[in-house]
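Below is one structure, written out as structure tokens; the observations come after it.
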Amino acid sequence: MGISRRCRSVIVGTDWWTDSDDVVAMRVLVWAEQQGMVKIAAVGMSACMPYSAASLDAFLTAEGRPGVRIGIDIEATDFGKVPKYQKNMAERLNGAKRNEDCEDAVRMYRRTLAEMPNKLDLIEIGYQQVLAALLQSPGDDLSPLTGLELVTLKVNKLWVMAGHWENDGSGVENNFARNRRSIVAGHHVCAHWPTPITFLGWEVSNKILTGGTLPEDDNVALALRDHGFPNGRSSWDPMLVLLACLGDEEEAGYRTVVGTAHVDVDSGRNSFDVHADGKHAYVVKVHPDEVYREAIDRILESCVRSDL
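The working numbering puts the sequence shown at residues -14 to 293.
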């Protein structure tokens, strides 16, 4: 897998809550910016617990990327689980940012999109209620455009970790079907998002464990251990982030199935209609799992700092 040098601005959405692969993904994201592949415009948080902003801001600072604009859906407290890695990370890294210090996530997206002179890409590794609410947002003091108009004008493409696509494009997966909030959001985004979307599904990364080769005192390794995965975690989020930062499915080692994705508004089950003129696609691996695992682990290991 080569490295694309076409630098694009990105906004990244993360739940940073119910699993630890988000931590691995954020290291990949900062690495990609350091390689000149992307520019991190902002990060939106689609889930909220007491140490959300403190741990994420402190982690990004420790990774060499302080001052990232962070927005949060402060009402999104209903996804379950309270991972101890957030509290431990915030305390260990002296995280001082409070959830209340962050802008509302939808307003942050609107502000960032309105300010952008050129189109950017959106990357989503969490739940999609912020994106759905963005589409439905009216004009305001930041922009007279509706959210749908802003996205149409300012977004090139959306990259999403969601869905279970291997059984004829039909399955049930956490980011779509976690709860009522995520189901309704996934349904709305699939039905109304105006730009192309590429999905990386659960089946792509479930058996690809990364992060298990890091030193024990590394921040990513500590988060994985705190969450019960000292030997590495399934690579759903980091593989989607690397794919999106490369910006080309074939270059990243995938073929695509093109058509239209759907999420059933009652069950959260995803399905896919295959047709050549669709705006949606999901990816299928073309290499053995080891190729993708080694690519992620090389990135993680290259970012280990002696002062962590």
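Glycine residues also receive a C-beta, built at the ideal position from the N, C-alpha and C atoms. Predicted model, so just to flag it, every value in this text is computed and none were measured.
Integer-rounded CB distance, given that G148 should sit under 8 Å from S31: On the sequence shown, residue 31 is found 46 positions in, with the first residue counted as 1. On the sequence shown, residue 148 is found 163 positions in, with the first residue counted as 1. Incorrect: roughly 16 Å between the Cβ atoms, too far for contact.
Test item: CB-CB of L370 and H177 under 9 Å: Here the chain has residues from -14 to 293 only, and residue 370 is not among them.
C87 versus D7: straight-line alpha-carbon distance, rounded: The residue labelled residue 87 in the question sits at position 102 within the sequence shown. The residue labelled residue 7 in the question sits at position 22 within the sequence shown. Going by the C-alpha atoms only, they are around 19 Å apart.
Opposing strand residues paired with M30 [DSSP bridges]: Position 45 of the sequence shown holds residue 30. T(-1) and I57, per the DSSP bridge assignment.
Minimum C-alpha distance to Q71 - residue among L135, D282 and R83: Looking up residue 71 in the sequence shown gives position 86. Per the Cα distances, R83.
Inter-residue spacing [alpha-carbon to alpha-carbon] between T137 and L185: Locating residue 137 in the sequence shown gives position 152, where the first residue counts as 1. Locating residue 185 in the sequence shown gives position 200, where the first residue counts as 1. Going by the C-alpha atoms only, they are around 22 Å apart.
Among N160, I281 and R240, nearest to V205 - alpha-carbon criterion: For the purposes of this step, residue 205 is taken as residue 220 along the sequence shown, with counting starting at 1. Per the Cα distances, I281.
Nonlocal neighbours in the same chain, by C-beta distance under 6 Å from A117, ignoring five residues either side: Your numbering for residue 117 matches position 132 in the sequence shown. Contacts found: A170, H173 and V174.
Cα-Cα separation between K24 and A99, rounded to whole angstroms: As a working note, residue 24 is residue 39 in the sequence shown. As a working note, residue 99 is residue 114 in the sequence shown. Their backbone Cα atoms lie some 16 Å apart in a straight line.
Distance between V13 and S(-6) (C-alpha atoms, nearest Å): Indexing the sequence shown from 1 puts residue -6 at position 9. Indexing the sequence shown from 1 puts residue 13 at position 28. Near 15 Å, if we compare the C-alpha coordinates of V13 and S(-6).
Member of G213, R218, K192 and W150 whose CA lies at the smallest distance from the CA of H265: On the sequence shown, position 280 is the one that residue 265 refers to. Comparing Cα-Cα distances from H265 to each of G213, R218, K192 and W150, the minimum goes to W150.
P68 vs D211 beta-carbon contact at 9 Å: For the purposes of this step, residue 68 is identified with residue 83 of the sequence shown, where counting begins at 1. For the purposes of this step, residue 211 is identified with residue 226 of the sequence shown, where counting begins at 1. Yes, these two residues count as a Cβ contact at 9 Å.
Per-residue DSSP class, three states only, for A170: One-based indexing of the sequence shown puts residue 170 at position 185. It is helical.
Sequence-distant residues of its chain with Cβ nearer than 7 Å to A43 (five each side left out): As a first step, residue 43 must be located in the sequence shown, where it is residue number 58. Cβ neighbours of A43 beyond the five flanking positions: M74, A75, L78, N79 and G80.
Below-9 Å beta-carbon distance, T198 vs any chain B residue: This model lacks chain B altogether, as it is built from one protein chain only.
DSSP beta-bridge partners of M146: Here residue 146 is taken as the residue at index 161 of the sequence shown, counted from 1. L185, per the DSSP bridge assignment.
Environment of D113 [buried if 16+ CB atoms lie within 10 Å]: Counting from 1 along the sequence shown, the entry for residue 113 is found at position 128. As written in the sequence, residue 113 is Gln, which differs from the Asp given in the question. The residue in question, Q113, is buried, as its Cβ has 16 or more Cβ neighbours within 10 Å.
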